[in-house]
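Quick note, the numbering used here runs 66 ahead of the 1-based positions in the sequence shown.
Each remark here refers to the structure printed beneath this line.
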Amino acid sequence: MIEKFKEKEKAIKFRRRGLSYSEILKEVKVAKSTLALWLRSVNLSQVQKQRITEKRLRAAHKGGDVRKSQRILLVQKIYSAAKKDIKKISQREFWLMGAMLYWAEGSKEKEGRPGLGVQFTNSDPQMIRLFIKWLFEICHIRKEEVAFDIFIHQNSKNNINKVIDHWSFYTGFSKKYFSQIYFKKNNIKTNRQNIGDSYFGTLKIRVKASSGLNRKIAGWTKGVVEYF
């Protein structure tokens, strides 16, 4: 009984120093329910409460960092295993990949706008790079037949040289090809995420005088649809 009383006094002393329950339980070997019963009448100062709150926040952040690291490792493991599934890609496979990519992201000829040429728009630089390679190798388009339009929010005007450098690097075209820039007005009611140094707008690839090619790609996609 005396031993139990000493443990209780010890626990109360630790609590008044601002220790958390988990810290006290490391020193006082009792059930958590017993500790809660002992400490329910202990009033803490504002400083003591603040210390406990800060410790809980640090523990939460530490736990979050651990989970984040575990998630990153898991994602990297999945990526690494999945990449091994992709071996050699044949020209036929590449041809179909580009046709499906254009079906998803390219401009199509419609009743109200006949004669539309090939236009492909996206913000993913790797997708842009792949589509340009497809135009050159599959469709045999020449470099001088390609033109670009940049679409970007107007609050990125001061960053436009960096944006041009970005698209010039990923396309392999010199900066002179990126003179057509269209600034979009910002909607102040919209909480946009596409801001900051990692925002480069979207790029439209245009192939000059290519309505015939656009119709040909449409035929390829129809062929895929009918096959399935």
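For each residue, glycine too, the CB sits at the ideal point set by N, CA and C.
Quick caveat: nothing in here was measured; it's all calculated off a predicted structure.
Between the CA atoms of residue j and residue i - distance to the nearest angstrom
i	j	result
R208	V273	9 Å
P191	L201	15 Å
K95	F80	13 Å
H232	M193	14 Å
S173	Q185	5 Å
L85	E75	14 Å
A126	L91	19 Å
E211	N225	28 Å
I230	Y265	12 Å
T187	K199	15 Å
A97	Q142	41 Å
V290	G267	32 Å
K121	Q136	23 Å
Q246	D263	21 Å
S99	Y87	10 Å
R82	Q114	7 Å
E73	A102	13 Å
K149	E93	51 Å
D131	L123	12 Å
F239	R133	42 Å
R158	F294	17 Å
Residues near residue i in its chain [Cβ-Cβ closer than 6 Å; skip 5 each side]
i	result
S234	K241
F249	Q220
S156	none
Nonlocal neighbours in the same chain, by C-beta distance under 8 Å from residue i, ignoring five residues either side
i	result
E292	none
K223	F249
Inter-residue CB distance, residue i and residue j (contact presumed, cutoff 8 Å)
i	j	result
F214	L167	Wrong, their Cβ atoms sit about 17 Å apart, outside the cutoff.
W169	T287	4 Å
R195	Y236	5 Å
G178	I204	About 29 Å separates the two Cβ atoms, so there is no contact after all.
I152	F197	Contact doesn't hold; Cβ gap of about 18 Å is too wide.
E175	R281	6 Å
Own chain partners of residue i with C-beta closer than 7 Å, once the 5 adjacent residues on each side are dropped
i	result
I78	W104, L105, V108
R117	G84
N252	H219, Q220, N221
Legend entry - Stretch-stretch touch, CB-based, cutoff 8 Å, three pairs: the region 276–283 with the region 219–227: no
Legend entry - Those runs of the alpha helix (DSSP H) which lie wholly inside the region 88–123 and span at least 4 residues: 98–105
Legend entry - Secondary structure, beta strand (DSSP E): runs of 3+ residues fully inside the region 186–221: 212–219
Inset, instruction - Within the region 132–197, note down every full beta strand (DSSP E) run reaching 3 residues or more, in order along the chain. - result: 185–188
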